[in-house]
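Peer 1: Protein chains in written order, with the numbering used here: chain A, 1 to 105; chain B, 106 to 765. Positions of the beta carbon are idealized from the N, C-alpha and C atoms, including for glycine. As the structure is a prediction and not an experimental result, all values here were calculated from the model. Let me begin by handing over the structure; questions about it come next.
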Amino acid sequence: MSAFSPAGLLALSGALLGLGLFGILTRRNFILLLISVEIAINAAVLNFVYFAAFSGSSSALSGQAIAVVLIGLAATEVAVGLAIVLGLNRLRGSINVAEASALRR
Amino acid sequence: MSVLTPLLAYAGLVPLLTFLSFVLVGFLGNRLKGLEWGGWIAVLLSGAAMVVGTLVAVAEMLSPGQYTDVSYTWLTVPGSPGTFPNGVSLVIGFLVDPLSALMLLVVTIVGFLVMLYSIGYMHHDHGLPRYYAELSLFLTAMTGLVLADNLLEFFLFWELVGVCSYFLIGFYYEKPSAASAAKEAFLVTRVGDVLFLLGIFIYFATYATAGGGAGWAASGFKFANGTQPFLGPLVGTNTPLLTVAGLMILGGAAGKSAQFPLHVWLPDAMEGPTTVSALIHAATMVAAGVYLLAVTSVFLGFTPDDQFAIVAIGGITCFFAATMAVVNTDIKRVVAYSTISQLGYMVLAVGAGVTMVGMYHLFTHAFFKALLFLAAGSVIHAVGTQDLFKMGGLRRTMPLTAGAFLVGALSLSGIFPFAGFFSKDDILGSVFQAAQAHPAYWPFFLLALATVFLTSYYIFRAWFLAFGGPAPRDASLPTAHEGPWVMRVPLIVLSGFAIAAGFFVFDPAFASLLPGAGVPPTYTATDLGLSAVSLGLAGSGIALSYTLWGNGRIAAAPTGIAAQMRTVLLNRYYFKVGYDWIGRRAVYTVARSADFVERYVIDGTIRGFEKLFSRGSDLLRRAQTGIVSDYAGYVVAGLVGVLLLILYVGPAIVQSMGGG
Chain A
1 MSAFSPAGLL ALSGALLGLG LFGILTRRNF ILLLISVEIA INAAVLNFVY
51 FAAFSGSSSA LSGQAIAVVL IGLAATEVAV GLAIVLGLNR LRGSINVAEA
101 SALRR
Chain B
106 MSVLTPLLAY AGLVPLLTFL SFVLVGFLGN RLKGLEWGGW IAVLLSGAAM
156 VVGTLVAVAE MLSPGQYTDV SYTWLTVPGS PGTFPNGVSL VIGFLVDPLS
206 ALMLLVVTIV GFLVMLYSIG YMHHDHGLPR YYAELSLFLT AMTGLVLADN
256 LLEFFLFWEL VGVCSYFLIG FYYEKPSAAS AAKEAFLVTR VGDVLFLLGI
306 FIYFATYATA GGGAGWAASG FKFANGTQPF LGPLVGTNTP LLTVAGLMIL
356 GGAAGKSAQF PLHVWLPDAM EGPTTVSALI HAATMVAAGV YLLAVTSVFL
406 GFTPDDQFAI VAIGGITCFF AATMAVVNTD IKRVVAYSTI SQLGYMVLAV
456 GAGVTMVGMY HLFTHAFFKA LLFLAAGSVI HAVGTQDLFK MGGLRRTMPL
506 TAGAFLVGAL SLSGIFPFAG FFSKDDILGS VFQAAQAHPA YWPFFLLALA
556 TVFLTSYYIF RAWFLAFGGP APRDASLPTA HEGPWVMRVP LIVLSGFAIA
606 AGFFVFDPAF ASLLPGAGVP PTYTATDLGL SAVSLGLAGS GIALSYTLWG
656 NGRIAAAPTG IAAQMRTVLL NRYYFKVGYD WIGRRAVYTV ARSADFVERY
706 VIDGTIRGFE KLFSRGSDLL RRAQTGIVSD YAGYVVAGLV GVLLLILYVG
756 PAIVQSMGGG
């Protein structure tokens, strides 16, 4: 069906996931953190789309449907996340997550 | 049957009367200054108790050998198959039998006389309501003890007399020596009490479980079943378990009756008022140990091995205590040692199988020993010291007391025809006979015989030192005078008993209270020879005493080895030092090691866990940084861990177990 092999496609989504995780673990800026989470989610979305395409016609639709749901979910997550960013900025004047450690202990 | 017979069922009135006295004096005594702070109430009620007690004893004499048991079941445990097939019941009751009637007679008469004497003797003391209340409680406990119809009730009252003794020895509690003497008496008798309790447990285990005699537990450990004394089916056999039980009972008796090696507390108990010494530590409570042995031998039976142990303890004690009396300079302590020694005679008799002869000596001893104590009390009351070497010539100022003490001394020495002669000679004769059958008894018979000499020596030494000679050696003593009538009457009455009580036993009615071998005494040629020997020994003791101490003489202080012996005797064979050493070193070391275990092993383990968790949680707490990325890191690490487990570790394990 296409020029991409399954292994190459999986490697691509794995790389995206790794990139997202790397961002989550290293970024201190809340917005960059959210973007990293988006990248990781999109790795999963990609996987759904690949497997839907490879698995044949009968179940193709369900994989794509989940992909669409996941995109919607990511959008809501960002909406909530950005609301928190605004709140945090208003409260502390900074969106550095390392400074928001009031839940310690 | 006689008109008095129905009274036998009301013997329980005696303890109730004295208990009423305890309650009245104890609660109202402080408001009764006019009645000697309640003393006269105690005299009145103990007098009533004496009347009832005497009538009960007379009723028992008129129906010889009758057992009258009035009892109430307190609690019944139904039987369960296996351990207690017949169940166990606890009973409170009053049993009048010849033995308890005799004891009731002694306790109530001496109790009343001592109570009366106290009115004069204690007049100047403080805390009299306490004194009379405690003395009344003691009489309650003691009469309850002699009337107890079962072993457990006996133990209950046994403990109660012990605690009364503790209170009364420590009557002058602000005096450190009295307080510590009370504690000593309590602790030493406690050793015996624990042994007694162990003995009860063994009897319980033997007679409460399946097998012969199991009905004993169901009937509440009663001494008598109807008209028959309970005698365990195993009596007379040398069962190891029963022998041990008998030895435990002997231990209990040794604690209460101050027998070797638990004798140390009795001389120190003289810290209490002299009246207390006369009633509790001469006539009644210390005799309870002998009574316990008698009750056990009549109702439960001793094994032959036990009997030998009892003979040995009795023989050793009577000699050993007499030696310590020889050098003592305190008038009360001399009499106290003689009490231990005479109790040894009684124990010896019980062990030799002539229980009733021992009880006979208990009866006469109670009177002449109470007499000696009250006479000594009269002296102490008059001159204010107990040191024999400060006294002297008191027979001129206190002729009645001197006479009373002399009667007591003659009776104690066993001079014919005083009471002590008959009972002590009866013991010597009976043990002599028993020794024919059991050669192992010989050494103890000889010790008892030698004690006769020592006894008459030390008691007359005390008499000569206190009453002989021209005048007191210490001129600073106040001029002596006889006490008031309340003190003189008991002396006269007790003197009468000390003279005549020996003859009572030839009256068949009285002798029916002492049913058994040797009472009344019969005199064969051998017995008469033995009497002559013991009279000779007693007489030579008096003679030696007169040569050394008569007419105000003071014997030269001994030198050389005799002086060393004197030191040993004055230090009571170092028994107290030894017990102190045991207390201080042995017990304290055990206590210290127990403390170590408690503090470092048990507590240490708990504290160790506490530290482990507090340190550990402190470490774990640091993982909570509050930084979101760190938590994300843990999630990723966890994810990687789970993946590794599923992909590599799990299959490796499955493979190593030989699976697919």
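1. How big is the Cα-Cα spacing for TRP568/B and VAL439/B?
2. Measure the alpha-carbon distance for ALA542/B versus PHE407/B and round it to whole angstroms.
3. For ASN47/A, count neighbouring C-beta atoms within 10 Å of its own C-beta (all shown protein chains included) and say buried if the count is 16 or more, exposed if not.
4. Report buried or exposed for GLN447/B, applying the criterion of at least 16 other Cβ atoms within 10 angstroms of its Cβ.
5. Counting only runs of 4+ residues fully inside the stretch 621 to 688 of chain B, write out the alpha helix (DSSP H) ranges in chain order.
6. Which residue comes first and which comes last in the alpha helix (DSSP H) that contains VAL182/B?
7. Considering Cα atoms alone, identify which of LEU129/B, LEU552/B, LEU160/B and LEU133/B is closest to ALA116/B.
8. Could you tell me which whole alpha helix (DSSP H) segments of length 4 or greater appear in the stretch 358 to 445 of chain B?
9. Of the residues PRO234/B, MET220/B, ALA662/B and ILE224/B, which one's Cα is nearest the Cα of LEU775/B?
10. Might you give, ordered along the chain, the residues of its own chain that have their beta carbon closer than 7 angstroms to the beta carbon of LEU675/B, omitting 5 neighbours on each side?
11. Can you list, in chain order, the residues of its chain whose CB lies under 7 angstroms from that of ASN42/A, leaving out five sequence neighbours each side?
12. Starting from the beta carbon of VAL741/B, find every residue of chain A whose beta carbon is closer than 9 angstroms, and list them in chain order.
13. Are PHE549/B and GLY360/B close, meaning C-beta to C-beta below 9 angstroms?
14. Determine, using beta carbons only, whether LEU32/A comes closer than 9 angstroms to chain B.
15. Grab the span of the alpha helix (DSSP H) containing GLY152/B for me, first residue to last.
16. Looking at SER223/B and GLY144/B, is the spacing between their C-beta atoms short of 9 angstroms?
17. Pull up the distance between the alpha-carbon of TYR562/B and that of TYR651/B, whole angstroms please.
18. Mind checking the stretch 723 to 735 of chain B against chain A and listing, in chain order, the residues whose C-beta falls within less than 8 angstroms of any C-beta there?
19. Determine the extent of the alpha helix (DSSP H) in which SER13/A is found, giving its start and end residues.
20. Cβ of GLY738/B less than 9 angstroms from any chain A Cβ?
21. Could you list which residues in chain B have their beta carbon closer than 7 angstroms to that of SER101/A, in chain order?
22. Quick one: what's got a C-beta closer than 7 angstroms to TYR708/B's C-beta in the same chain, skipping five residues either side?
23. So, are the CB atoms of PRO620/B and MET496/B less than 9 angstroms apart?
24. Can you pull the chain E neighbours of ALA98/A, defined as C-beta to C-beta under 7 angstroms?
25. Pull the bridge partners of GLN447/B from the DSSP assignment, please.
26. Nearest to SER443/B by CA position, among SER362/B, PRO409/B, TYR465/B and VAL484/B, is which residue?
27. Enumerate, from N- to C-terminal direction, the unbroken alpha helix (DSSP H) stretches of 4 or more residues contained entirely within the stretch 243 to 293 of chain B.
28. When the Cα of LEU33/A is compared with those of LEU355/B, ALA737/B, LEU750/B and THR123/B, which residue comes out closest?
29. DSSP on PRO583/B, reduced to helix/strand/coil?
30. If I measure Cβ to Cβ from GLU239/B and keep anything under 7 angstroms in the same chain, skipping five residues before and after, which residues do I get?
31. Along the chain, where does the alpha helix (DSSP H) containing SER734/B start, and where does it finish?
32. Is ARG28/A close to chain B, meaning its C-beta is less than 9 angstroms from at least one C-beta of that chain?
33. What first and last residue would you give for the alpha helix (DSSP H) that runs through GLY607/B?
34. For GLN412/B, count neighbouring C-beta atoms within 10 Å of its own C-beta (all shown protein chains included) and say buried if the count is 16 or more, exposed if not.
35. Below 8 angstroms, how does it come out for the stretch 508 to 524 of chain B and the stretch 478 to 489 of chain B: are there three or more Cβ pairs, yes or no?
36. Under 8 angstroms: does the beta carbon of TYR222/B sit that close to some heavy atom of the ligand NAP?
Peer 2: So, to answer that:
1. As a first step, residue 568/B must be located in the second sequence, where it is residue number 463. As a first step, residue 439/B must be located in the second sequence, where it is residue number 334. Approximately 11 angstroms, taken between the alpha carbons.
2. The sequence position of residue 542/B within the second sequence is 437, counting from 1. The sequence position of residue 407/B within the second sequence is 302, counting from 1. In a straight line, the C-alpha of ALA542/B is about 17 angstroms away from that of PHE407/B.
3. The sequence position of residue 47/A within the first sequence is 47, counting from 1. With 16 or more other Cβ atoms from the protein chains shown falling within 10 Å of its own Cβ, ASN47/A counts as buried.
4. Working through the second sequence from its first residue, we reach residue 447/B at position 342. With 16 or more Cβ atoms within 10 Å of its Cβ, GLN447/B is classed as buried.
5. Those alpha helix (DSSP H) runs which fall completely within the stretch 621 to 688 of chain B and span 4+ residues are 630 to 654, 665 to 675 and 680 to 686.
6. For the purposes of this step, residue 182/B is taken as residue 77 along the second sequence, with counting starting at 1. That residue, VAL182/B, is in no alpha helix (DSSP H); its beta strand (DSSP E) goes 173 to 182.
7. The sequence position of residue 116/B within the second sequence is 11, counting from 1. It is LEU160/B whose Cα lies nearest to the Cα of ALA116/B.
8. 370 to 373, 379 to 383, 390 to 400 and 409 to 432, all fully within the stretch 358 to 445 of chain B.
9. Outside the displayed range of chain B (106 to 765) lies residue 775/B, so it cannot be described from this structure.
10. Translated into positions along the second sequence, residue 675/B becomes position 570. Contacts found: VAL432.
11. On the first sequence, residue 42/A is found 42 positions in, with the first residue counted as 1. By the criterion of a C-beta distance shorter than 7 angstroms, ASN42/A is surrounded in its chain by LEU16, once the five residues flanking it on both sides are discounted.
12. By one-based count along the second sequence, residue 741/B stands at place 636. Correct list: LEU21, ILE24 and LEU25.
13. Stepping through the second sequence from its first residue, residue 549/B is reached at position 444. Stepping through the second sequence from its first residue, residue 360/B is reached at position 255. For the 9 angstroms CB-CB criterion, PHE549/B and GLY360/B do not form a contact.
14. The residue you call residue 32/A lines up with position 32 of the first sequence. No, its Cβ sits nowhere closer than 9 angstroms to a Cβ of chain B.
15. Reading the second sequence from its first residue, position 47 is the one you call residue 152/B. 144 to 167 is the span of the alpha helix (DSSP H), which, as asked, contains GLY152/B.
16. Here the question's residue 144/B lines up with position 39 in the second sequence. Here the question's residue 223/B lines up with position 118 in the second sequence. Going by beta carbons, GLY144/B and SER223/B fall inside the 9 angstroms limit.
17. Numbered from 1 along the second sequence, position 457 holds the residue referred to as residue 562/B. Numbered from 1 along the second sequence, position 546 holds the residue referred to as residue 651/B. If I take the Cα positions, the gap works out to 9 angstroms.
18. Correct list: ARG726, GLN729, THR730, GLY731, ILE732, VAL733 and SER734.
19. As a first step, residue 13/A must be located in the first sequence, where it is residue number 13. Per DSSP, SER13/A belongs to the alpha helix (DSSP H) from 6 to 26.
20. One-based indexing of the second sequence puts residue 738/B at position 633. It does; some Cβ of chain A falls within 9 angstroms.
21. Looking up residue 101/A in the first sequence gives position 101. Proximity of chain B to SER101/A at the Cβ level (cut-off 7 angstroms) is accounted for by THR730, GLY731 and ILE732, in chain order.
22. Along the second sequence, read from residue 1 onward, the residue named residue 708/B stands at position 603. Per the sequence shown, residue 708/B should be read as Asp rather than Tyr. No residues qualify anywhere along the chain.
23. Residue mapping note: residue 620/B aligns to position 515 of the second sequence, counting from 1. Residue mapping note: residue 496/B aligns to position 391 of the second sequence, counting from 1. Cβ atoms of PRO620/B and MET496/B: not closer than 9 angstroms.
24. Within the model displayed, chain E is absent; protein chains A and B are what it includes.
25. Along the second sequence, one-based indexing puts residue 447/B at 342. DSSP output for GLN447/B lists no bridge partner at all.
26. Here the question's residue 443/B lines up with position 338 in the second sequence. In this structure, SER362/B is the residue among SER362/B, PRO409/B, TYR465/B and VAL484/B with its C-alpha nearest to the C-alpha of SER443/B.
27. Scanning the stretch 243 to 293 of chain B for uninterrupted alpha helix (DSSP H) segments of 4 residues or longer gives 256 to 274, listed from N- to C-terminal end.
28. In the first sequence, the residue the question calls residue 33/A occupies position 33. Nearest of LEU355/B, ALA737/B, LEU750/B and THR123/B to LEU33/A, Cα basis: ALA737/B.
29. Indexing the second sequence from 1 puts residue 583/B at position 478. Looking at PRO583/B - three-state DSSP - the assignment turns out to be coil, as it is neither helix nor strand.
30. Start at 1 with the first residue of the second sequence, and residue 239/B comes out as number 134. Excluding positions up to five away in sequence, the list reads CYS269, PHE272 and LEU273.
31. As a position in the second sequence, residue 734/B is number 629, starting the count at 1. 733 to 749 is the extent of the alpha helix (DSSP H) around SER734/B.
32. Taking the first sequence and counting its residues from 1, the one referred to as residue 28/A is at position 28. Judged by the 9 angstroms Cβ criterion, ARG28/A is in contact with chain B.
33. For this step, residue 607/B is matched to residue 502 along the second sequence. Residues 590 to 609.
34. Counting from 1 along the second sequence, the entry for residue 412/B is found at position 307. Buried, by the Cβ-count rule.
35. Under the three-pair Cβ rule at 8 angstroms, the stretch 508 to 524 of chain B counts as touching the stretch 478 to 489 of chain B.
36. Of ligands this structure carries none, so the ligand NAP is not represented either.
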